[in-house]
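Under the numbering used here, think of the first position of the sequence shown as 2, with each following residue one higher. No residue lacks a Cβ here, since even glycine has one placed at the ideal position from N, Cα and C.
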Amino acid sequence: MSRNSELFERANRSIPGGVNSPVRAFRSVGGTPRFIKRAQGPYVWDADDARYIDYVGSWGPAILGHAHPDVVAAVQDAAANGLSYGAPTEAEVELAETLVARIPSIEKVRLVSSGTEATMSAIRLARGATGRSKIIKFEGCYHGHADSLLVKAGSGLLTFGNPTSAGVPAEFIQHTLVLDYNDLDAVKAAFSQYADNIACVIIEPIAGNMNLIRPAKGFLEGLRELCTQHGALLIFDEVMTGFRAGPQGVQGLTGITPDLTTLAKVIGGGMPVGAFGGRADIMDHIAPLGAVYQAGTLSGNPVAVAAGLATLKHVAQPGFYEALSQQTQKLVTGLAERARAAGITMTADSVGGMFGIYFRDEIPTSFAEVSDANIDLFNRFFHGMLDKGVHFAPSAFEAGFVSATHDDAVIQTTLDAAEQVFATLNG
Ligand code: KE4
């Protein structure tokens, strides 16, 4: 038995499903998850010492590549001064100032320890600042596991085909309207029906939790107009796209200004950091200044903040995102070309350092379209690549991630493996 299998069997005895986050369990692709014991650059090694080119990248944070020496050194230096104080530090002020400087829509920001905390807090803030209860989210978008957001969520839940989580009383989600992504008419209808009771619209401005789905032309602009018109807040959940799709996330690519933005992943560089921020007049509703309570023992943790600052310093280097986008485009173009050459129906798309691959004939524009992709073929592709030392995200409903260390040689190795795997998929 492999060490992965042994560890998975052991893990299942003490951890539900053997994992600390559902998507890691390989439930949708089948097989045994790889227990990673170390990572460096574009590679991870599993418990059997097998090496993989990694396109999960910790689901986004590992944008510099794993174990970047500057990030590791920053963490070591910070840790040597103590791990956590429960008191303000200069480093967290520096991270807040960095986010304010980099993301124009963020005038003030509060640091937390995860994306879930960021979106949960942003929703509470929107409700507190507007005095309204209803929120609008979109099917296939995942904003973390806060109760009011676990309604037809994407990511792990979507994979389990479990549109609403158990344990969430109907009362907790009665104010959550779930609409179709890219359906602006549905949003207009919701505002017509609930105009003065909609606190916010929360959206992944490029969705990454139902695989990568772009907003249709005019969709985000329409949301901005409707929110402004009805006094609702527009929340861009850029936990995944922030500093991943581009240096200012999707708001930088589109020029659309949300009222609040949620961040995590890259801003922690692999350590637990999340954030929510935006207009100062809204953020000032947050305790201790305002009446909207929010708190966290490890918020702004000095070791986590050190990793985030070191990461954000590197991504600010001239040409970083151009190079990252170029490598990601090489990957998706190469995959699509090889699939076509092998007679496999597959398309692919990418934005910045994130990408989607779809076993269907066209790039999907909605949850329904991504759901009609050939999941079985994806799963066979996933395992074929895994056997050849390439680790994609273990779900057809997840985006993939490229790091600054995925150079031409790494991309070429991936494409050579894909060519061989596609050849086996025709049967
Ligand atoms: P966390 O609580 O997992 O840090 O962040 C939740 C979250 C919020 N918003 C967006 C847009 C997100 O993508 C996420 C988390 N993303 C998933 C990846 N699909 C995390 C992976 C996992 O759940 O293990």
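Taking non-hydrogen atoms of the ligand KE4 into account, the C-beta of D148 is found less than 6 Å away from none of them. In the DSSP annotation of this structure, Y53 is not part of any alpha helix (DSSP H); the continuous beta strand (DSSP E) holding it starts and ends at 52-55. Not one heavy atom of the ligand KE4 lies closer than 6 Å to the C-beta of W46. In terms of CA proximity to D78, A305 leads the group A305, F398, F382, R381. Under the Cβ criterion (8 Å, minimum of three pairs), the segment 194-209 counts as touching the segment 243-255. By the neighbour-count definition (other C-beta atoms within 10 Å, threshold 16), I345 is a buried residue. The alpha carbon of L180 has as its nearest neighbour, out of I136, E222, G219, the alpha carbon of I136. Under the Cβ criterion (8 Å, minimum of three pairs), the segment 81-96 does not count as touching the segment 223-233. Nearest neighbour of T131 by Cα position, chosen from E399, A292, F402, turns out to be A292. Runs of the alpha helix (DSSP H) spanning 4 or more residues and lying entirely within the segment 185-258 occur at 185-195, 220-231, 250-255, in chain order.
Using a Cβ distance threshold of 7 Å, R4 and D55 do not count as a contacting pair. Beta-bridge annotation (DSSP): W60 is not paired with any residue. Here the segment 168-176 makes contact with the segment 147-154; the two share three or more CB pairs at distances below 8 Å. Taking G129 as the centre and dropping the five residues before and after it, the same chain places the C-beta of H286, A292, V293 closer than 7 Å to its C-beta, in chain order. Of the heavy atoms belonging to the ligand KE4, at least one sits nearer than 6 Å to the Cβ of T117.
Residue pairing from DSSP places S351 in a beta bridge opposite F356.
For the pair of segments examined, the segment 62-80 was found to touch the segment 308-316: the number of CB pairs separated by less than 8 Å reaches three. About 11 Å separates the beta carbons of V101 and E95, which is beyond the 8 Å limit, so they are not a contact pair. For A419, DSSP records no beta bridge to any residue. Judged by their CB atoms, G275 and E399 are not nearer to each other than the 7 Å cut-off. One thing to note: M355 has its Cβ no nearer than 7 Å to the Cβ of F321. E93 counts as buried, since no fewer than 16 other beta carbons sit within 10 angstroms of its beta carbon. Here the distance from the Cβ of H384 to the nearest heavy atom of the ligand KE4 is not below 6 Å.
By the criterion of a C-beta distance shorter than 7 Å, N198 is surrounded in its chain by R133, S134, K135, once the five residues flanking it on both sides are discounted.
Looking at the backbone, the Cα of N380 and that of G31 are separated by about 8 Å. Counting the other Cβ atoms within 10 Å of the Cβ of S114 gives 16 or more, which makes it buried. At least 7 Å separates the beta-carbon of G271 from that of A26.
When G116, T406, A410 are compared, the shortest CA-CA separation from H67 is found for T406. When Cβ pairs closer than 8 Å are counted between the two stretches, the segment 348-366 is seen to touch the segment 330-340, the count reaching three or more. In the three-state scheme derived from DSSP, where H, G and I count as helix and E and B as strand, F27 is classed as coil.
Closest in alpha carbon position to S193, among L227, T33, I376, is L227. In this structure, DSSP gives V113 an extended state, which the three-state scheme calls strand. The residues A79, N82, G83, L84, S85, Y86, T90, A92, E93, in chain order, have a CB closer than 8 Å to that of P303 in the same chain once the five nearest residues on each side in sequence are set aside. Between L290 and A127, the CB-CB gap reaches or exceeds 7 Å. Counting of Cβ neighbours within 10 angstroms places G357 among the buried residues, the total reaching 16 or more. Cβ-Cβ distances below 8 Å link N375 to T346, F360, R361 in the same chain, with the five nearest sequence neighbours on each side left out; the list follows chain order.
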